[in-house]
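Residues in the sequence shown are numbered from 1 upward in steps of one, following full-length UniProt numbering. The structure appears below as structure tokens.
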Amino acid sequence: SSVVGVWYLLRKISFSCCFQHWIANNLFGLAFSLNGVELLHLNNVSTGCILLGGLFIYDVFWVFGTNVMVTVAKSFEAPIKLVFPQDLLEKGLEADNFAMLGLGDIVIPGIFIALLLRFDISLKKNTHTYFYTSFVAYIFGLGLTIFIMHIFKHAQAEGVGLCFYTLALAPATSS
Numbered sequence: 001s002s003v004v005g006v007w008y009l010l011r012k013i014s015f016s017c018c019f020q021h022w023i024a025n026n027l028f029g030l031a032f033s034l035n036g037v038e039l040l041h042l043n044n045v046s047t048g049c050i051l052l053g054g055l056f057i058y059d060v061f062w063v064f065g066t067n068v069m070v071t072v073a074k075s076f077e078a079p080i081k082l083v084f085p086q087d088l089l090e091k092g093l094e095a096d097n098f099a100m101l102g103l104g105d106i107v108i109p110g111i112f113i114a115l116l117l118r119f120d121i122s123l124k125k126n127t128h129t130y131f132y133t134s135f136v137a138y139i140f141g142l143g144l145t146i147f148i149m150h151i152f153k154h155a156q157a158e159g160v161g162l163c164f165y166t167l168a169l170a171p172a173t174s175s
């Protein structure tokens, strides 16, 4: 991680024309997200559902209703988001048109999925039905979100699909 840190700082200080920092930004963002999921814990599923429901409403209003989130995310140069080059196939690593995914759209569903893993372990069964179902639902929602960002050329991903799929499929496994 220190090599990536030095590379990121050198890119920001003096080599801004020679290196692309979106890869380092994503590595730091993923490290922060993993750390957040490890450090934050939910007490029960109800709290997780309320949290994901709140994120759903938040994303509908702030991402779709206004341009505030896109403006703030584009103007703030820090690893608070993951960026995906939309023109990677045309320009390679020199891509300059990016779509963004906020770290909150990774961490908040992640702590809910971690709660479901702890719940599965507490059941003392060999299957982790709740965890696997919610994890697959989240990965599906993430893939769908990135696909929609690229198709519609939207600058910022919505956590709406991520929250929806993570929340909708977790209770479906209990029946």
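A virtual CB, placed ideally from N, CA and C, is assigned to each residue, including glycine.
Does the Cβ of residue i have 16 or more other Cβ atoms within 10 Å, making it buried, or fewer, making it exposed?
i: Ser-122; result: exposed
i: Asn-25; result: buried
i: Ile-57; result: exposed
i: Val-136; result: exposed
i: Ile-151; result: exposed
i: Ser-75; result: exposed
i: Thr-47; result: exposed
Nearest to residue i by CA position, among the options, is which residue?
i: Gly-54; options: Ile-80, Ala-24 and Gly-104; result: Gly-104
i: Trp-22; options: Val-136, Phe-61, Leu-88 and Cys-49; result: Leu-88
i: Phe-98; options: Ile-146, Thr-133 and Lys-124; result: Ile-146
i: Leu-27; options: His-128, Asp-59 and Val-3; result: Val-3
i: Tyr-138; options: His-128, Asp-96, Gly-110 and Arg-118; result: Gly-110
i: Ile-148; options: Ser-134, Thr-71 and Gln-86; result: Gln-86
i: Thr-71; options: Met-100, Ser-134, Leu-30 and His-150; result: Met-100
i: Tyr-130; options: Phe-119, Phe-140 and Lys-124; result: Phe-119
Going by beta carbon distance, what residues of the same chain come within less than 6 Å of residue i, once the five residues before and after it are set aside?
i: Gly-102; result: Lys-81
i: Phe-15; result: Only weak support exists for where Phe-15 lies, its pLDDT of 43 falling under 50; the coordinates are left without a value.
i: residue 182; result: Since the first residue of the chain shown is 1 and the last is 175, residue 182 is not available in this structure.
Could you pull out every residue in the same chain whose Cβ sits closer than 7 Å to the Cβ of residue i, ignoring the five residues on either side in sequence?
i: Ile-108; result: Leu-51, Leu-52 and Leu-55
Got a sec? Which residues, its chain only, sit under 8 Å from residue i by beta carbon, not counting five neighbours each side?
i: Trp-62; result: Val-68 and Met-69
Please classify residue i: does DSSP put it in a helix, a strand, or coil?
i: Leu-123; result: coil
message: Could you check whether the stretch 53-70 touches the stretch 25-34, counting it as contact only if at least three pairs of C-beta atoms, one from each stretch, sit closer than 8 Å?
response: no
task: Take every Cβ of the stretch 109-117, pair it with every Cβ of the stretch 40-47, and state whether three or more of those distances are shorter than 8 Å.
output: yes
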